[in-house]
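Written below as structure tokens is the structure these notes are about.
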Amino acid sequence: MSDPHALIAAATDVRLNAHAPYSRFQVGAAIRGAGGALHVGCNVENVAYPEGTCAEAGAIAAMVASGETRIAAIAVIADSPQPVSPCGGCRQKIAEFASGDTPVTLATTDGLVQHTTVAALLPGAFDQDYMSKA
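Using full-length UniProt numbering, you'd call the opening residue of the sequence shown number 1 and step up by one each time.
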């Protein structure tokens with residue numbers, strides 16, 4: 001089982017590296033891969049808004065680049081009044097590499113924490129089962 005506090009700490013650290021000169025909204029994400037390795041990502045904005053990269057997508061890319069393809073747990077942190085959940089696109093990306101019961105921890109820099117699952121974030125997720133032919 002993955003320690004959500006360790007994931008929040010890693011997401012907090014990488015959040016400081018976010019490149020957010022337009023929104024000034026820094027986000028950090030940390031993933032514990034099924035193999036136990038930790039992968040982090042931060043949002044990287046681009047002047048051709050919204051062509052940037054979300055923190056969750058960056059962490060997933062780092063995980064895949066390292067050779068892992070399964071998410072055991074994920075945490076996301078941002079400086080907001082309440083925990084920020086991943087955008088719709090990132091929810092789908094997370095679902096691609098996680099099971100429905102994979103734990104998701106959402107946190108604020110002020111210490112508010114919300115625990116949920118991938119299935120709760122993306123009920124009825126589109127997956128490869130929809131693409132199989134009878």
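Yeah, the Cβ is synthetic: ideal placement off N, Cα and C, and Gly gets one too.
Just so we're clear, the structure is a prediction, and the values are computed from it rather than from any experiment.
According to DSSP, simplified to helix, strand and coil, what is V118?
Helix at V118.
Going by DSSP, name the residue or residues bridged to T108.
In the DSSP secondary-structure assignment, T108 is bridged to A78.
CB contact flag (A65, T102, <8 Å)
At least 8 Å separates the beta-carbon of A65 from that of T102.
Local Cβ density within 10 Å of A29, reported as buried at 16 or more and exposed below that
Buried: at least 16 other Cβ atoms inside 10 Å.
Identify every residue that forms a DSSP beta bridge with G33.
DSSP output for G33 lists I71 as bridge partner(s).
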